[in-house]
């Protein structure tokens, strides 16, 4: 991972981000080696700062209203290799090393596993591991 320690301690870099009125920014996780898009989630100032400080992806869960440390339940952590901001300053790109090869809660490598075919969304990527085996059955 790149050393962000010099930049993280001064919050000025967070002020450059164009946050939504809710104080969030979309974040795209991309495999640092292959370039594959793994997932999209939301970040707030705290989660982005902590991600840069700790070197692991930390998102903001809108449904739970709290920080979400990727992999805290599944073990499928995302180790940060690079953090980028787009030209409009309103989207974060996290280049990550995906631990366990699974980024999606459905047990797939990517959350983008459906493709539009003849007007229908079709699953085109396999389940690598049954979600019940990852999270336990309810």
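Numbering (UniProt numbering), first residue to last: 1 to 138.
Each residue gets a CB set at the ideal place from its N, CA and C atoms; glycine is no exception.
_Would you call the segment 71 to 84 in contact with the segment 93 to 103, where contact means no fewer than 3 C-beta pairs closer than 8 Å?_
yes
Quick check on this structure: which residue in 47, 128, 126 has the alpha carbon closest to the alpha carbon of residue 23? 47
- Query: Taking the C-alpha atoms as reference points, what is the distance between residue 43 and residue 113?
  - Reply: 22 Å
Item to check | Coil, strand or helix - residue 131 by DSSP | outcome: helix
Taking only the alpha-carbon atoms, compute the straight-line gap between residue 15 and residue 70 and give it to the nearest angstrom. 24 Å
**Request:** Closer than 7 Å by C-beta to residue 107: which residues in its own chain qualify, once you throw out the five before and the five after it? Chain order, please.
**Result:** 127, 128, 129, 130, 131, 134
Query - Which listed residue (85, 67, 109) has its alpha carbon closest to that of residue 31 - result: 109
* In the DSSP assignment, find the unbroken beta strand (DSSP E) run with residue 53 in it and report its ends. => No beta strand (DSSP E) contains residue 53, which is instead part of the alpha helix (DSSP H) from 45 to 54.
- For residue 26, which beta-bridge partners are listed by DSSP? 42
* What are the partner residues of residue 37, as DSSP defines its beta bridges? -> 30
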